[in-house]
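Protein chains in written order, with the working numbering: chain A, 18 to 267; chain B, 18 to 267.
There are 2 protein chains.
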Amino acid sequence: MNITSPVLTPASVSCNECPIKHRAVCAYCEKSEMAKLEGMKSYKTYPAGSPIIFAGDQMKFVGSVVTGVARLSQTMEDGRRQMVGLLLPSDFVGRPGRTYATFDVEATTDVTLCRFDRKPFEKLLTDIPHLRERMLEMALDELDAAREWMLLLGRKTAREKIASLLTIIARRQNVVQTSGKHAVVHFDINLTREAMSEYLGLTLETVSRQINALKKDNIISLEKKRRVVVKDFARLLAETGDDEDGGFLD
Amino acid sequence: MNITSPVLTPASVSCNECPIKHRAVCAYCEKSEMAKLEGMKSYKTYPAGSPIIFAGDQMKFVGSVVTGVARLSQTMEDGRRQMVGLLLPSDFVGRPGRTYATFDVEATTDVTLCRFDRKPFEKLLTDIPHLRERMLEMALDELDAAREWMLLLGRKTAREKIASLLTIIARRQNVVQTSGKHAVVHFDINLTREAMSEYLGLTLETVSRQINALKKDNIISLEKKRRVVVKDFARLLAETGDDEDGGFLD
DNA sequence: ACTGGGCCTTGATCTAAGTCAATTTTTTTG
DNA sequence: CAAAAAAATTGACTTAGATCAAGGCCCAGT
């Protein structure tokens, strides 16, 4: 579902041709280091909607998302759910140093993971500085993202939340050119209204209403419910409540 | 203000006697490594209420909170504010590898930082594996905390938010013995109602009402507005909406 | 082509938390 | 110690978003 290129199968991909090699944990590794990882890795594909890890489970492996979209979420006893991570290709799954999972991970679209057994991976993490270096960088980036997300959850209105989500998804898919701020831009949101509501701390009805409000205000339009056309990206940005262009610094 | 022991002054403390040496970034360093850090460090004390760093500022230093409480927050153009980090002793301030600050940092109580110039510190981070190792661990812990916080912001009711905040503060001050779950426990919240509201994504009026509701329901009582007595910790925990005892795993 | 089941939309109503506006309590300081 | 400032409470009222409840749409499979 929504995987454009053919699904990768276990033994078929060498790290050389890996689509995420420049952004994943292994990004800084040298040839000899890659060889070690290559020897340990295995691919696994999870169908859309299926669980990858349950909170509380023992965590036997860690790995990188190669294709597809996965989500990290938390569930309360009475069923309230909050997404706490949106995992796209190159994002890391699992926390080295922890035996049990703290959050649920599930496949939103079909997801292929490049997996490593946790214990041996942890060993490599101490042996290969490049790996730890990249891991730290990724953790700090995620922390920054989590903090932006906290502002969204704590202070933004429903409309601002939707505009922010669309902006985030557009940015992560690299469909926005830094130049053409006013450009028309289109992309798929690989999330149901319900998944969006779990991301944003809203109900799915509110998500639906706000998306349609943005449509009525002529800021976006929809092709096929999950495909969004942003008529004027700058206007969408203005609706997020964030200052300026997002203030990209360093 | 609320600093129990005498305020540290710049040259007076050797790393040997540092109160946070077992939990700070430097926790895993060996003697020779500590010597390098010792040569670079300097203390600075910020009075309660004063800014430590503004978002957008150039980040000249990084460091650890030695005493006091600081907060990391984000402000929207129209003044809405959300706290995105609560920094207690041993917590790290600043993000290595970033030239400009993304968030505001300000002193909530008087705060003493153990500071390092950013550039030389980054150099040490690549030279001393122990430093990077601890840094990664701390970043991952903060990420987990941020994700719990996201659940709080996105899905919890005002009452659950207050109960959660009190629980978090009590835990961080180590006043809760894992054994005596039903024990009476008292501690200070070094935060104004407004600061609490910024933490929780509420207004200060709602914070006040909910604290008084918990008081009326005989779950807590107050001495001096900022000092809380939890009558029965297990009951407070039940009010957080989290499952069980917080499910401490590994 | 028909039908069943996910999704999604839309309307009516409800409510938790926000807003506005005084007080009261506590802390600071001259 | 009194006065001023800061923080906290409390009440009355409003509102954004939740909840409850139909329907509609769009494909996947027979």
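For glycine and all other residues, C-beta sits at the position ideal for the given N, C-alpha and C.
DSSP three-state label for residue i, please.
i              : result
residue 93(A)  : coil
residue 67(B)  : coil
residue 87(B)  : strand
residue 100(A) : strand
residue 30(B)  : coil
residue 233(A) : helix
residue 39(B)  : coil
residue 243(A) : coil
residue 112(A) : coil
residue 3(A)   : The requested residue 3(A) is not part of the displayed model; chain A covers only 18 to 267.
residue 223(A) : helix
residue 105(B) : coil
residue 130(B) : strand
residue 255(A) : helix
residue 147(B) : helix
residue 121(A) : strand
residue 53(A)  : helix
residue 80(B)  : strand
residue 61(B)  : strand
residue 205(B) : strand
By Cβ distance, which residues of its chain are closer than 7 angstroms to residue i, with the 5 residues on each side in sequence left out?
i              : result
residue 42(A)  : 81, 109, 148, 151, 152, 155
residue 176(A) : 227, 230, 256
residue 102(B) : 88, 89
residue 250(B) : 193, 198, 199, 200, 202
Given that a residue counts as buried once 16 or more other Cβ atoms are within 10 Å of its Cβ, and exposed if not, what is residue i?
i              : result
residue 121(B) : buried
residue 91(B)  : buried
residue 58(B)  : buried
residue 144(A) : exposed
residue 136(A) : exposed
residue 244(B) : exposed
residue 178(B) : buried
residue 259(B) : buried
residue 171(A) : buried
residue 174(B) : exposed
residue 265(A) : Its pLDDT being 48, under 50, residue 265(A) is placed unreliably by the model, and the measurement read from it follows with that caveat. Label assigned to residue 265(A): exposed.
residue 85(B)  : buried
residue 247(A) : buried
residue 111(A) : buried
residue 267(B) : Because the pLDDT of residue 267(B) is 48, which lies under 50, any placement of that residue in the model is unreliable, and the number read from its coordinates should be weighed accordingly. Counting Cβ neighbours within 10 Å, residue 267(B) comes out exposed, since fewer than 16 surround it.
Output yes or no for whether 8 angstroms exceeds the beta carbon distance between residue i and residue j.
i              : j              : result
residue 72(A)  : residue 116(A) : no
residue 98(A)  : residue 215(A) : yes
residue 204(A) : residue 180(A) : no
residue 65(B)  : residue 125(B) : yes
residue 168(A) : residue 217(A) : no
residue 337(B) : residue 201(B) : Since the first residue shown for chain B is 18 and the last is 267, residue 337(B) is missing from the structure and cannot be characterised.
residue 138(A) : residue 113(A) : yes
residue 133(A) : residue 79(A)  : yes
residue 159(A) : residue 104(B) : no
residue 239(B) : residue 184(B) : no
residue 53(B)  : residue 141(B) : yes
Starting from the C-beta of residue i, find all residues in its chain whose C-beta is less than 8 angstroms away, skip the five residues before and the five after it, and write them out in chain order.
i              : result
residue 45(A)  : 147, 148, 150, 151
residue 74(A)  : 117, 118
residue 232(A) : 238, 239
residue 55(A)  : 31, 32
CB-CB under 6 angstroms to residue i, same chain, minus the five flanking residues each way: which ones, in chain order?
i              : result
residue 68(B)  : 123
residue 224(A) : 210, 213, 214
residue 190(A) : 204
residue 70(A)  : 118, 122
residue 100(A) : 88, 90, 215, 216
residue 208(A) : none
residue 94(A)  : none
residue 22(B)  : Residue placement at residue 22(B) cannot be trusted, given a pLDDT of 41 that sits under 50; the coordinates are not used to answer.
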